[in-house]
Amino acid sequence: MPFIPHTEEDIGDMLAAIGVPDVESLFDEIPKELLIRDLDGIPDALSEMEISRLMRARAAKDSGLSCFIGAGAYEHHIPAVVWDIATRGEFYSAYTPYQAEASQGTLQTIYEYQSMIASLTGLDASNASLYDGASALAEAALMAVRANRGTKSRRVLLAAGVNDTYRKVAAAIAGSQGLTFERMGLDSTTGASDPGALSDAEDPPVAVVIQQPGFFGTLESVHELTDLAHSQGALVIAVVNPTSLAILAAPGRWGKQGADIACGEGQPLGVPLSSGGPYFGFMACRNALLRQMPGRIVGRTTDLDGNPGFTLTLQAREQHIRRSKATSNICTNQGLMVTAATIYLSLLGQEGLARVALTSCRRTAELVELLCSIEGIDRLFEGPHFHECALRLDRPTGPVLEALAERGILGGIDLSGTHPELGDALLVCATETKTKADLEAYRDALRDIMS
Amino acid sequence: MHEPLIFEKSRHGRRAYAQAPADRAECDIPAEFLRDEPPMLPEASELQVVRHFTRLSQQNFSIDTHFYPLGSCTMKYNPRACNTLAMLPGFVNRHPLGPERYGQGFLACMHELQEMLKAVTGMKAVSLTPMAGAQGELTGVAMIRAYHVARGEPHRLEVIVPDAAHGTNPATATMCGCVVRELPTGRDGDIDLDALRRAVGANTAGIMLTNPSTLGVFERNITEVAAIVHGAGGLLYYDGANLNAILGKVRPGDMEFDVIHMNLHKTFSTPHGGGGPGSGAVGVGARLMPFLPIPIVGKREGEPEYFWLTEEHMPQSIGRLSGFMGNAGVLLRAYVYMRMLGRDGMRRIAEFATLNANYLMARLEQAGFELGFPGRRASHEFIVTLKRQSRTLNVTAMDVAKALLDHGFHAPTTYFPLLVPECLLIEPTETETREMMDRFADAMIAILHEAETDIQRLKGAPYTLPVRRLDDVKAARNLDLAWKRS
Chain A
1 MPFIPHTEED IGDMLAAIGV PDVESLFDEI PKELLIRDLD GIPDALSEME ISRLMRARAA
61 KDSGLSCFIG AGAYEHHIPA VVWDIATRGE FYSAYTPYQA EASQGTLQTI YEYQSMIASL
121 TGLDASNASL YDGASALAEA ALMAVRANRG TKSRRVLLAA GVNDTYRKVA AAIAGSQGLT
181 FERMGLDSTT GASDPGALSD AEDPPVAVVI QQPGFFGTLE SVHELTDLAH SQGALVIAVV
241 NPTSLAILAA PGRWGKQGAD IACGEGQPLG VPLSSGGPYF GFMACRNALL RQMPGRIVGR
301 TTDLDGNPGF TLTLQAREQH IRRSKATSNI CTNQGLMVTA ATIYLSLLGQ EGLARVALTS
361 CRRTAELVEL LCSIEGIDRL FEGPHFHECA LRLDRPTGPV LEALAERGIL GGIDLSGTHP
421 ELGDALLVCA TETKTKADLE AYRDALRDIM S
Chain B
452 MHEPLIFEKS RHGRRAYAQA PADRAECDIP AEFLRDEPPM LPEASELQVV RHFTRLSQQN
512 FSIDTHFYPL GSCTMKYNPR ACNTLAMLPG FVNRHPLGPE RYGQGFLACM HELQEMLKAV
572 TGMKAVSLTP MAGAQGELTG VAMIRAYHVA RGEPHRLEVI VPDAAHGTNP ATATMCGCVV
632 RELPTGRDGD IDLDALRRAV GANTAGIMLT NPSTLGVFER NITEVAAIVH GAGGLLYYDG
692 ANLNAILGKV RPGDMEFDVI HMNLHKTFST PHGGGGPGSG AVGVGARLMP FLPIPIVGKR
752 EGEPEYFWLT EEHMPQSIGR LSGFMGNAGV LLRAYVYMRM LGRDGMRRIA EFATLNANYL
812 MARLEQAGFE LGFPGRRASH EFIVTLKRQS RTLNVTAMDV AKALLDHGFH APTTYFPLLV
872 PECLLIEPTE TETREMMDRF ADAMIAILHE AETDIQRLKG APYTLPVRRL DDVKAARNLD
932 LAWKRS
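Taken in order, these protein sequences are the chains called A and B. For what it's worth, this note's numbering labels the leading residue of the first sequence as 1, then goes sequentially. For what it's worth, this note's numbering labels the leading residue of the second sequence as 452, then goes sequentially.
#1: Between which two residues does the beta strand (DSSP E) holding Arg392 (chain A) run?
#2: Whole alpha helix (DSSP H) runs in the stretch 805-857 of chain B with 4 or more residues, listed along the chain?
#3: Can at least three beta-carbon pairs, one atom from the stretch 239-255 of chain A and one from the stretch 107-122 of chain A, be found at a separation below 8 Å?
#4: Do Ala927 (chain B) and Thr226 (chain A) count as a contact pair if the criterion is CB distance below 7 Å?
#5: Considering only C-alpha positions, which residue in the set B:Ile800, B:Pro879, B:Asp931 is nearest to Ile514 (chain B)?
#6: Check for me: the beta strand (DSSP E) holding Trp759 (chain B) runs from which residue to which?
#7: Cutting at 7 Å between CB atoms, please list the residues of its own chain near Phe803 (chain B), excluding the five before and the five after it.
#8: Using a Cβ cut-off of 8 Å, pull out every chain A residue sitting near Leu492 (chain B), in sequence order please.
#9: Are any of the Cβ atoms in chain B nearer than 7 Å to that of Tyr74 (chain A)?
#10: Tell me where the beta strand (DSSP E) around Gln350 (chain A) begins and ends.
#11: According to DSSP, which residues form a beta bridge with Tyr689 (chain B)?
#12: What separation, rounded to the nearest whole angstrom, lies between the Cα atoms of Asn544 (chain B) and Ile69 (chain A)?
#13: Can a CB atom of chain B be found closer than 7 Å to the CB of Tyr95 (chain A)?
#14: Starting from Thr505 (chain B), find everything on chain A with Cβ-Cβ shorter than 8 Å and list it in chain order.
#15: Tell me, please, which residues DSSP counts as bridged to Gly185 (chain A).
#16: Which chain B residues sit within Cβ distance under 7 Å of Met55 (chain A)?
#17: Using the three-state DSSP reduction, which class does Cys331 (chain A) fall into: helix, strand or coil?
#18: Which word fits His6 (chain A), buried or exposed, when buried means at least 16 other C-beta atoms lie within 10 angstroms of its C-beta?
#19: Among the residues of its own chain, which have a CB less than 7 Å from the CB of Glu675 (chain B), if the five just before and after it don't count?
#20: So, helix, strand or coil for Gln211 (chain A), using DSSP?
#21: Can you check whether the C-beta of Ala125 (chain A) is within less than 7 Å of a C-beta belonging to chain B?
#22: Against chain B, does Cys263 (chain A) count as a neighbour if the rule is that its beta carbon must be under 7 Å from one of theirs?
#23: How long is the line joining the alpha carbons of Asn845 (chain B) and Leu869 (chain B), rounded to whole angstroms?
#24: Select from A:Leu348, A:Asp13, A:Pro272 the residue whose C-alpha is nearest the C-alpha of Gly780 (chain B).
#25: Could you confirm whether any beta carbon from chain A is found closer than 7 Å to the beta carbon of Met797 (chain B)?
#26: Among A:Ala238, A:Lys256, A:Asn163, A:Gly214, which has the Cα closest to the Cα of Ser231 (chain A)?
#27: Listing by chain order, which chain B residues have their CB less than 7 Å from the CB of Glu432 (chain A)?
#28: Could you tell me which chain B residues have their CB closer than 9 Å to the CB of Val169 (chain A), listed as they occur along the chain?
#29: In terms of residue numbering, what span does the beta strand (DSSP E) encompassing Gln264 (chain A) cover?
#30: Taking the alpha helix (DSSP H) that Val222 (chain A) falls in, what are its first and last residues?
#31: Sort out for me which residues DSSP pairs Ser126 (chain A) with in a bridge.
#32: Rounded to the nearest angstrom, what separates Ala238 (chain A) and Ile210 (chain A) at their Cα positions?
#33: Using a Cβ-Cβ cut-off of 7 Å, state whether His419 (chain A) counts as contacting chain B.
#34: Using DSSP's beta-bridge definition, name the partner residues of Glu8 (chain A).
#35: Hey, could you find the ends of the alpha helix (DSSP H) Lys569 (chain B) is sitting in?
#36: Leaving out five residues on either side along the sequence, give the residues of the same chain with a beta carbon under 7 Å from the beta carbon of Gln108 (chain A).
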């Protein structure tokens with residue numbers, strides 16, 4: 001039996017010590033009619049050799065394409081050190097650090113992570129992670145409602161660039177507590193928000209959510225929007241790309257007062273694309289909102305001998321203490337991904353991360369120039385972009401993408417299904433992982449398809 | 452020994468040169484969008500980073516290094532093959548929004564995982580998207596609410612929760628806009644049926660139960676509980692945290708549960724990772740099938756064979772809970788684990804988890820420890836209470852937990868469930884040897900002896916770890932949550 005160490009002798013001795021004749025007796029408190037004879041629908045066991053062969057064949061089926069898709073998950077170079085160390089047994093198979101003295105490795109790693117996120121976002125304090133960027137937005141909205149004592153509103157206003165899947169997730173998670181989510185209009189020239197819905201508000205929202213860069217890669221006027229939101233009595237939630245924070249304005253410095261909460265998807269920081277997860281959501285806030293922040297938080301303190309050490313703190317916010325009055329029901333978070341991100345950020349440092357950001361921005365600009373040299377392809381929006389760009393095609397996007405895939409290129413995502421108002425549109429992304437040759441190969445394939 | 456922070460080891464201008472582009476590219480983002488100062492991140496060499504995090508890892512207890520009998524957490528061996536195979540390049544490099552045609556290998560694994568989870572739980576349909584047990588609970592309660600609303604009964608807002616329940620249960624009910632009604636547990640560990648009959652009514656949305664319960668014993672009246680709640684128009688939610696105790700012996704679907712969440716990071720051995728990532732896959736009976744969260748993997752006769760079921764296929768779904776499809780890498784690990792166990796292996800999990808728990812319980816009872824529920828069988832875990840010793844010797848569950856660390860064992864769960872004073876909730880799991888449990892029992896005996904002969908020394912434990920006992924009060928009062936350059 002895989003992973004079970006008992007010998008026949010062990011079993012015999014143990015049953016004798018318990019005082020029962022057989023293992024079945026240990027289940028005698030379970031109503032007989034509930035006990036099943038056999039498990040249907042489960043295949044026979046495979047040895048490690050057999051399952052390895054099966055998985056290698058399946059993984060091979062999914063390999064070998066050059067990826068120009070972004071839309072919330074980004075391909076970056078991940079140093080070999082990151083997963084070599086993150087999958088050490090002492091990190092991989094450790095549990096939540098409830099016994100702090102036996103978990104200083106995990107706790108110090110999280111403290112260092114919190115420090116890095118606080119600095120990247122320009123805010124006072126970070127938590128130890130949430131599940132992902134989308135659910136982090138849901139939690140941030142709920143937090144804003146708790147924290148914003150100045151209004152009874154449960155209306156949350158989203159800038160035009162907020163990822164629509166994030167909106168759906170926020171509605172699914174926070175809708176049952178009465179929160180509603182509306183959007184500002186999109187300026188079709190710049191691809192940024194038209195703040196009209198915010199300035200005209202008769203019923204100001206409890207919070208305004210600003211995504212930077214926006215879903216289409218365009219950049220919002222974050223300072224103006226932040227000030228406008230604050231003047232309406234709304235809290236500001238920033239949804240940000242952590243790589244971009246190496247060079248873009250930190251949410252804590254947006255406008256005159258800074259954003260109140262920053263959150264987003266941490267995947268770009270050393271976590272592979274891995275078919276969509278596990279990723280991690282990060283969240284940081286100003287000190288005034290700290291006690292409303294969900295999730296675990298690590299603090300530095302001292303031990304009996306006066307030496308420094310780390311422990312989970314402010315646990316009175318959490319489910320295991322406050323139960324039905326907790327800030328959130330979250331328990332398990334994304335600890336291993338946080339470990340990886342902390343190692344990644346330690347290797348890159350601010351200069352390395354800035355280079356990744358700048359190179360990605362540059363590669364996308366180069367790709368867009370190459371692709372727009374093809375007849376029938378244009379940019380949708382003017383104005384500055386980070387590392388993604390929306391393009392307009394003179395024909396349906398779907399078949400073009402299929403033809404590209406057949407040539408080994410995942411050209412981007414088809415926006416025409418989710419954003420029909422944009423027409424035949426495509427969202428492309430090129431990171432530092434793409435060489436000039438990769439970009440030219442894309443151009444050549446597309447030119448071929450379009451002619 | 453305290454390891455300095457990575458910031459304290461940094462020196463300006465240092466970094467891991469091999470890991471970032473060689474040049475600082477130009478980009479034309481105008482100044483008003485840019486940062487005014489760079490972020491404060493470490494500046495260290497690659498070797499410094501390797502050494503730092505390797506040394507930090509060595510300060511952790513983990514399943515790979517220590518017996519870890521944390522009740523309710525199921526700290527069983529995390530097979531290495533699960534990690535290696537889940538991280539094969541084809542899986543790990545695949546973008547979640549890539550075309551289905553080029554993801555058939557991954558989707559086949561997900562579909563088969565859905566089918567296997569249905570089979571072991573006896574449920575009709577499964578969604579893999581919830582990213583942890585708590586998100587699975589949110590899903591379950593949200594689906595129950597959606598069911599009642601769809602039937603024109605939106606006033607059903609009361610969720611019944613036993614007082615022994617894990618904190619996520621009442622926290623979840625509140626998050627879903629429901630009201631919690633707490634139910635007392637009887638002295639022998641079963642739910643008080645009379646109290647339940649009084650608690651149900653026209654406003655009942657449902658009941659959240661764990662079986663075996665958080666007290667480590669099987670809810671013997673489960674059939675009656677189901678009848679009472681269903682009879683009042685409510686639904687049954689199963690918290691699958693303790694599934695390890697009954698996997699392959701009992702199916703929650705047969706116990707009339709309408710929805711169950713599973714903790715794949717417990718029962719199906721995906722790594723705990725220092726606090727996640729987990730997975731809270733949910734299974735449902737017929738009543739709740741339309742409400743499952745999306746996306747779900749479907750299978751068809753056409754091409755491509757495996758595809759995603761989304762909003763258009765499931766118009767009554769409670770929606771999406773994650774940006775993509777949940778913790779895919781965790782799900783792949785659970786898939787590999789289930790394939791390696793197979794039918795016979797899965798039947799044996801509950802048998803050996805229960806054998807180990809009952810053996811350890813017998814040894815500790817024979818050594819004079821007081822059980823939380825003497826006279827009941829242990830499920831996969833059991834409770835020891837130190838309430839007598841706390842009066843006579845002034846030794847607490849906390850003291851014993853800290854002393855166990857010095858003996859080279861991670862402590863059991865302490866002070867949960869709240870019902871039993873000075874309790875230790877002990878779950879050995881099926882992957883531990885008999886000798887390991889004997890050593891643990893011997894350590895407990897030694898600790899009790901120390902409590903009798905040198906209580907002051909005992910109360911100062913641990914002595915052999917990187918830090919002594921930490922000042923929690925100071926941590927909350929003088930908040931230091933992020934390093935700042937001084």
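Ideal placement from N, C-alpha and C gives every residue a C-beta, glycine not left out. Only a predicted model underlies this, so the values are computations on that prediction, with no experimental measurement involved.
Considering the structure as presented:
#1: Indexing the first sequence from 1 puts residue 392 (chain A) at position 392. Run containing Arg392 (chain A): 388-393, per the beta strand (DSSP E) assignment.
#2: 838-843, 848-857
#3: yes
#4: The residue labelled residue 226 (chain A) in the question sits at position 226 within the first sequence. The residue labelled residue 927 (chain B) in the question sits at position 476 within the second sequence. Cβ distance not < 7 Å, so Thr226 (chain A) and Ala927 (chain B) don't count as in contact.
#5: On the second sequence, position 63 is the one that residue 514 (chain B) refers to. Closest by alpha carbon: B:Pro879.
#6: By one-based count along the second sequence, residue 759 (chain B) stands at place 308. Run containing Trp759 (chain B): 757-760, per the beta strand (DSSP E) assignment.
#7: By 1-based counting over the second sequence, the position of residue 803 (chain B) is 352. Correct list, in chain order: Glu881.
#8: Locating residue 492 (chain B) in the second sequence gives position 41, counting from the first residue. Neighbours of Leu492 (chain B) on chain A, chain order: Met116, Ser119, Leu120, Leu345, Ser346, Leu348, Gly349, Gln350, Leu353.
#9: For the purposes of this step, residue 74 (chain A) is identified with residue 74 of the first sequence, where counting begins at 1. No - not a single Cβ of chain B is within 7 Å of the one on Tyr74 (chain A).
#10: In the first sequence, counting from the first residue as 1, residue 350 (chain A) sits at position 350. Counting along the chain, Gln350 (chain A) falls outside any beta strand (DSSP E), though it belongs to the alpha helix (DSSP H) covering 335-372.
#11: Along the second sequence, read from residue 1 onward, the residue named residue 689 (chain B) stands at position 238. DSSP, once it has assigned bridges, lists B:Leu660, B:Ile711 as partnering Tyr689 (chain B).
#12: As a position in the second sequence, residue 544 (chain B) is number 93, starting the count at 1. As a position in the first sequence, residue 69 (chain A) is number 69, starting the count at 1. Approximately 12 Å, taken between the alpha carbons.
#13: In the first sequence, counting from the first residue as 1, residue 95 (chain A) sits at position 95. For Tyr95 (chain A), the answer is yes, since a Cβ of chain B falls inside 7 Å of its Cβ.
#14: Residue 505 (chain B) sits at position 54 when you count from the first residue of the second sequence. Those within 8 Å of Thr505 (chain B) in chain A are Ile85, Arg88.
#15: In the first sequence, counting from the first residue as 1, residue 185 (chain A) sits at position 185. Per DSSP, A:Asp194.
#16: Counted from its first residue, the first sequence places residue 55 (chain A) at position 55. Neighbourhood of Met55 (chain A) in chain B, by CB distance below 7 Å: Leu536, Leu539, Val787, in chain order.
#17: Here residue 331 (chain A) refers to the residue found at position 331 of the first sequence. It is coil, neither helix nor strand.
#18: Taking the first sequence and counting its residues from 1, the one referred to as residue 6 (chain A) is at position 6. Buried: at least 16 other Cβ atoms inside 10 Å.
#19: Numbered from its first residue, the second sequence carries residue 675 (chain B) at position 224. Hits under 7 Å: Leu644.
#20: Residue 211 (chain A) sits at position 211 when you count from the first residue of the first sequence. DSSP places Gln211 (chain A) in strand when its eight states are reduced to three.
#21: Translated into positions along the first sequence, residue 125 (chain A) becomes position 125. Yes, Ala125 (chain A) counts as interfacial toward chain B.
#22: Taking the first sequence and counting its residues from 1, one reaches residue 263 (chain A) at position 263. For Cys263 (chain A), the answer is no, since every Cβ of chain B falls outside 7 Å of its Cβ.
#23: Residue 845 (chain B) sits at position 394 when you count from the first residue of the second sequence. Residue 869 (chain B) sits at position 418 when you count from the first residue of the second sequence. Distance between the alpha carbons of Asn845 (chain B) and Leu869 (chain B) is about 19 Å.
#24: Within the second sequence, numbered from 1, the residue matching residue 780 (chain B) stands at position 329. Nearest of A:Leu348, A:Asp13, A:Pro272 to Gly780 (chain B), Cα basis: A:Pro272.
#25: Locating residue 797 (chain B) in the second sequence gives position 346, where the first residue counts as 1. Chain A, which has a Cβ nearer than 7 Å to the Cβ of Met797 (chain B), makes this yes.
#26: Position 231 of the first sequence, counting from 1, holds the residue named residue 231 (chain A). Ranking the options by Cα distance to Ser231 (chain A), first place goes to A:Lys256.
#27: One-based indexing of the first sequence puts residue 432 (chain A) at position 432. Going along chain B in sequence order, the residues near Glu432 (chain A) (Cβ under 7 Å) are Pro472.
#28: For the purposes of this step, residue 169 (chain A) is identified with residue 169 of the first sequence, where counting begins at 1. Ordered by position in chain B, the residues that pass the 9 Å Cβ test against Val169 (chain A) are Gly770, Arg771, Leu772, Ser773, Gly774.
#29: Taking the first sequence and counting its residues from 1, the one referred to as residue 264 (chain A) is at position 264. Correcting the residue type first, residue 264 (chain A) is Gly in the shown sequence and not Gln. Note, Gly264 (chain A): beta strand (DSSP E), 261-265.
#30: In the first sequence, the residue the question calls residue 222 (chain A) occupies position 222. Per DSSP, Val222 (chain A) belongs to the alpha helix (DSSP H) from 222-231.
#31: As a working note, residue 126 (chain A) is residue 126 in the first sequence. Bridge partners of Ser126 (chain A): A:Ala284.
#32: Taking the first sequence and counting its residues from 1, the one referred to as residue 238 (chain A) is at position 238. Taking the first sequence and counting its residues from 1, the one referred to as residue 210 (chain A) is at position 210. Taking the straight line from one Cα to the other gives about 5 Å.
#33: The residue you call residue 419 (chain A) lines up with position 419 of the first sequence. By this cut-off, His419 (chain A) is not an interface position.
#34: In the first sequence, counting from the first residue as 1, residue 8 (chain A) sits at position 8. BP columns for Glu8 (chain A) are empty, so no partner.
#35: Walking along the second sequence from the start, residue 569 (chain B) turns up at place 118. Counting along the chain, the alpha helix (DSSP H) containing Lys569 (chain B) begins and ends at 555-572.
#36: Translated into the one-based positions of the first sequence, residue 108 (chain A) becomes position 108. The answer, listed in chain order, is Phe310.
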